[in-house]
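Chains as they are written, first to last, in my numbering: chain A, 7 to 345; chain B, 7 to 345. Ideal placement from N, C-alpha and C gives every residue a C-beta, glycine not left out. Notes for the one structure printed next.
Shown next, in the form of structure tokens:
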């Protein structure tokens with residue numbers, strides 16, 4: 007019997023942290039380093055009078071999954087680095103800009119273990135810095151001189167901010183449904199994953215079917231990525247997460263594991279109490295314990311695995327090679343990651 | 007002796023509020039109405055879950071000078087509304103987006119006599135709504151399918167936000183120089199005026215010399231516009247301004263009339279006291295009285311008039327007609343306006 011590549015049981019994964027991003031990124035390692043270099047060069051731009059703010063926002067290295075997706079999608083057919091490097095840099099920059107604003111909106115103190123721009127320099131500077139980063143990312147995209155790609159980029163930001171607004175309005179609403187949750191994470195997370203892949207495919211001159219396959223791959227990956235993020239927010243450690251556990255519940259955001267828990271245990275009042283006692287860490291902690299110790303976590307993992315499987319299905323459309331293999335590995339990594 | 011079209015003395019203008027925007031806009035009236043219609047249609051877009059926020063930001067009608075500049079610049083040569091209407095709408099939308107964020111940064115209560123988005127719904131929603139408006143404006147620009155125009159648009163936002171950051175950092179700094187003031191307003195205001203004109207010229211297929219002339223016209227107009235804005239902030243009425251008098255000083259922003267006053271009366275301590283007593287309305291009021299009752303106002307008007315004259319000089323390069331005539335009238339209006 008073949009080993010299930012998308013383990014449905016979280017306990018199965020504990021021992022096998024075999025998938026390392028560094029090895030998955032092998033096919034694009036040097037080029038991803040160039041993206042890093044491009045990002046660090048931005049604070050040398052004379053326009054910006056506060057390079058320390060920009061440095062701070064850029065140095066907090068995330069997993070760089072989004073630019074990796076652009077490079078890998080672009081490598082499936084005709085790898086043109088002149089177009090793909092600015093695009094991949096722009097995709098990560100757009101992501102960083104949204105994080106700078108998100109942290110200001112949520113009043114978050116920590117991101118990747120470091121103080122956020124808004125907690126260190128105030129919401130005001132975070133607003134302006136985020137705007138500058140948005141503009142810089144759009145400027146980078148314009149160097150591709152590809153109108154379709156520029157349009158997809160603008161539309162992704164429209165979708166992301168519409169999703170953020172929806173999340174902000176839905177906060178502390180205990181009646182949010184699974185459908186609303188999926189819609190929301192498709193807007194706020196999957197749209198960027200999808201755009202990262204589709205623009206890579208377009209600039210890498212994939213045929214139309216390949217572009218559609220990579221776009222769909224990105225969407226499903228983004229949904230799975232966000233579900234896992236939402237699980238880790240409940241089951242992870244502050245050290246791994248680089249921010250407090252239970253952050254989502256503290257901000258009144260109901261995520262998939264919480265929604266599943268609520269469906270499974272309608273008599274359990276701990277979720278409602280956490281929402282009613284807004285900002286009270288003790289109530290949030292009890293709710294986190296309730297959900298993280300329940301079978302809702304396993305069920306949420308199952309669902310994320312299904313999305314990853316659907317993501318990988320799309321790859322069958324593409325020509326084989328190291329780029330496609332890396333995209334497939336990424337679909338496993340996303341489930342297995344612990345931070 | 008010919009009448010000086012740029013009166014150097016403010017008292018000269020009091021009696022002749024002859025220049026009305028409505029008559030200046032005659033050449034593009036119907037098309038500017040279409041821009042208005044485009045703006046009001048945006049809140050019908052299904053993406054946005056809080057149309058009342060969007061409506062609120064869009065209904066606060068300003069003077070619509072920026073989209074008028076795009077249309078007029080586009081009308082000088084080959085008036086193509088398919089390209090110019092989305093461009094003009096995007097220019098105004100970008101302006102509105104920056105105002106929504108500026109008001110959140112400054113904590114301003116009123117804009118055009120109405121509560122700001124951030125005072126009505128909180129800074130958080132203002133951040134997200136502004137992002138959505140930025141993205142929507144970029145999406146509109148992409149419909150022109152003109153890469154150069156798209157690039158100028160992104161660069162204008164880079165320059166504006168770099169200027170805002172600089173202003174934020176320079177706040178309450180009593181040692182700011184005139185040169186720094188000019189640099190700052192060139193970034194935060196003139197760059198948008200300049201882009202509004204240059205993109206109009208490009209989309210209206212002006213020859214290269216005409217594009218450069220319109221770009222320079224826009225820059226000088228933007229500088230003059232901001233100087234007058236800064237004068238009116240001291241000499242206007244709350245009713246006309248739609249916001250409190252002395253707003254700039256209250257936020258620690260030293261503007262040209264204040265800088266001139268400081269140079270002329272180095273022994274007068276009222277400016278320094280207003281900055282030292284941050285947020286104390288009484289000290290700010292005394293400083294406003296000091297500057298608004300001084301010859302610094304006349305001198306600032308003189309300087310703004312010079313910039314308007316330089317702006318109008320550029321128009322000589324262009325073919326004559328109603329569009330050029332309206333651009334010239336606008337250069338007078340900017341000085342004469344009282345709100």
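- When DSSP states are grouped into helix, strand and coil, residue 250 of chain B belongs to the coil group.
- The C-beta of residue 159 of chain B comes closer than 9 angstroms to at least one C-beta of chain A.
- Interface flag for residue 62 of chain B against chain A is unset, since no Cβ pair is found closer than 9 angstroms.
- With its beta carbon at least 9 angstroms from every one in chain B, residue 253 of chain A lies outside the interface.
- The beta-bridge partner set that DSSP reports for residue 121 of chain A consists of A:116.
- The Cβ atoms of residue 167 of chain B and residue 246 of chain A do not sit closer than 9 angstroms to each other.
- At a cut-off of 9 angstroms between C-beta atoms, residue 122 of chain A does not count as an interface residue with respect to chain B.
- Three or more Cβ pairs closer than 8 angstroms define a contact, and the segment 291-301 of chain A falls short of that threshold against the segment 199-212 of chain A.
- Around the C-beta of residue 270 of chain B, fewer than 16 other C-beta atoms lie within 10 Å, and the residue is accordingly described as exposed.
- The residues 82, 83 and 220, in chain order, have a CB closer than 7 angstroms to that of residue 212 of chain B in the same chain once the five nearest residues on each side in sequence are set aside.
- Among the CB atoms of chain B, one or more fall inside 9 angstroms of the CB of residue 153 of chain A.
- Taking a cut-off of 8 angstroms for Cβ pairs, the segment 331-342 of chain A and the segment 302-319 of chain A touch, as three or more such pairs fall below it.
- Within the same chain, 32, 33 and 81 come within 8 angstroms of residue 328 of chain B by CB-CB distance, once the 5 residues on both sides are set aside.
- Shown in chain order are the members of the segment 132-143 of chain A whose Cβ falls below 8 angstroms from a Cβ of chain B: 133, 134, 135, 136, 137, 138, 140, 141 and 142.
- Looking at the backbone, the Cα of residue 161 of chain B and that of residue 242 of chain B are separated by about 33 angstroms.
- Residue 110 of chain B sits close to residue 130 of chain A, with the two beta carbons spaced by under 9 angstroms.
- Rounded to the nearest whole angstrom, the C-alpha separation of residue 250 of chain B and residue 143 of chain A is 36 angstroms.
- At a cut-off of 9 angstroms between C-beta atoms, residue 166 of chain B counts as an interface residue with respect to chain A.
- Between residue 303 of chain B and residue 240 of chain B, the C-beta gap is smaller than 9 angstroms, which places the two residues in contact.
- Among the CB atoms of chain B, one or more fall inside 9 angstroms of the CB of residue 175 of chain A.
- Taking the beta carbon of residue 50 of chain A as reference, no residue of chain B falls within 9 angstroms; the closest one sits roughly 14 angstroms away.
- With its beta carbon at least 9 angstroms from every one in chain A, residue 114 of chain B lies outside the interface.
- By the Cβ criterion, the segment 97-108 of chain B is not in contact with the segment 223-240 of chain B, since fewer than three pairs of Cβ atoms, one from each stretch, lie closer than 8 angstroms.
- With a minimum length of 4 residues, the unbroken runs of alpha helix (DSSP H) contained wholly in the segment 251-309 of chain B fall at 253-256, 262-270, 276-282 and 287-298.
- Secondary structure of residue 233 of chain A (DSSP, three-state): helix.
- Just measuring C-alpha positions, the residue of B:248, B:293 and B:285 sitting nearest residue 261 of chain B is B:293.
- Residues of chain B with a Cβ closer than 8 angstroms to the Cβ of residue 186 of chain A do not exist, since the nearest Cβ in that chain sits about 10 angstroms away.
- Residue 115 of chain B is positioned such that its CB atom lies no closer than 9 angstroms to that of residue 104 of chain B.
- For residue 156 of chain A, the residues of chain B that pass the 7 angstroms Cβ criterion are 148 and 156, in the order they occur in the chain.
- Think of a sphere of 7 angstroms around the beta carbon of residue 129 of chain B: the chain A residues whose beta carbon falls inside it are 129, in chain order.
- C-alpha of residue 59 of chain B to C-alpha of residue 135 of chain B: approximately 8 angstroms in a straight line.
- Between residue 48 of chain A and the set A:207, A:140 and A:238, the nearest pair of CA atoms involves A:140.
- Close partners of residue 257 of chain A in chain B (Cβ separation under 8 angstroms) are lacking, with about 11 angstroms as the shortest Cβ gap.
- The Cβ-Cβ distance between residue 57 of chain A and residue 147 of chain A does not fall below 9 angstroms.
- A buried status is given to residue 217 of chain A, since no fewer than 16 other beta-carbon atoms sit within 10 Å of its beta-carbon.
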